[in-house]
Every structure is written in structure tokens, then in C-alpha cells.
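Single-structure report; data block below.
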Amino acid sequence: MSSYVGIVLISHSPKIAEGLKDLIRQVMTDVPIETAGGTDDGEIGTSIEKITSAIAEADKGEGVLLFYDIGSAKMNAEMAIEMNETEKALLVEGPLVEGAYVAAVESGMGKTLQEVHDAVKKAF
Numbered sequence: 001m002s003s004y005v006g007i008v009l010i011s012h013s014p015k016i017a018e019g020l021k022d023l024i025r026q027v028m029t030d031v032p033i034e035t036a037g038g039t040d041d042g043e044i045g046t047s048i049e050k051i052t053s054a055i056a057e058a059d060k061g062e063g064v065l066l067f068y069d070i071g072s073a074k075m076n077a078e079m080a081i082e083m084n085e086t087e088k089a090l091l092v093e094g095p096l097v098e099g100a101y102v103a104a105v106e107s108g109m110g111k112t113l114q115e116v117h118d119a120v121k122k123a124f
């Protein structure tokens, strides 16, 4: 089995993160995708612990791209990257839905972390 660049979907809403994962799974079934939606108690917000855990789960050796929605999601993602043990986690400045979708397709084509990141940046 090939290893793909993983994707972490960070949203203030657990429903948004899970819904986006479901959408991407319609076309890309092998790419590791983890969600970090909502707070630890399921409320609207973000959680560094959830993001850190999602990074670890999504990283199968090829690195991880993190997509976020608004406000504190970016700050918490940046802190989670610093706290995580992998050096191959990149935060993507781009649209959550479209960016994550493009990243999943590019990852599924076997591209490297930097290639997937660059493809998303170029698209948006």
C-alpha cells in the first residue's frame, strides 16, 4: 500500500469538518483524512489537543497538510504543529472546502508534501 500525504480538517464546527471529510471520501478513499472539529466537549470552537491528535493520526510518513476555517483555528493549528513531533506538517492558507479537496486529489496522485502544498497554493 502506498503512503499518501495526510490531510487535517480543522473547523469550529464538528459537523463542517465531518461533512467535508464525507464529501472528499466520495472521490478519494485512500488518502488519510482526519478531522478536528469543535472543542473537546463538542461545542463550537477549536481544540489544540484535537488538532495534535489529528496530525498524528493523519501522518502516515509523508507529512500532513492542515486546513482551517476561521479565527482561532489558525492560531491553534500553528500551536499544534509546534507541539507535534512531526516536522512534516504544513498549514495551508486557502479555502477549507476547495483547498482540502484539491489536496486530497493531489495526494492521491502520490505527490510529495511540498508538491501537494504548492498545487493548492497555485489553485487559489
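Last residue of the sequence shown: 124 in UniProt numbering, with the numbers rising by one and none dropped.
Using N, Cα and C, we set each Cβ at its ideal position, and we do this for glycine too.
Can you tell me which of the three DSSP states Ile44 falls into?
coil
Would Ile10 and Ala103 qualify as a contact pair, given that the criterion is a beta-carbon distance under 8 Å?
no
What three-state label does DSSP hand Glu57 in the structure shown?
helix
Supposed contact pair Val8 and Ser107 - C-beta distance, whole angstroms, cut 8 Å:
That belief does not hold up - the Cβ atoms of Ser107 and Val8 are roughly 12 Å apart, past 8 Å.
DSSP state of Ile51 mapped onto helix, strand, coil:
helix
Using C-beta distances below 8 Å, list every residue in its chain close to Ala17, excluding the 5 sequence neighbours before and after it, in chain order.
Leu9, Ile10, Ser11, Thr35, Ala36, Gly37, Gly38
What does the Cβ neighbour count give for Met51, buried or exposed, with the cut at 16 atoms within 10 Å?
Just to set this straight, residue 51 is Ile in the shown sequence, not Met. When all chains shown are included, Ile51 counts as buried.
Select from Glu115, Ile33, Glu82, Ser13 the residue whose C-alpha is nearest the C-alpha of Gly45.
Ser13
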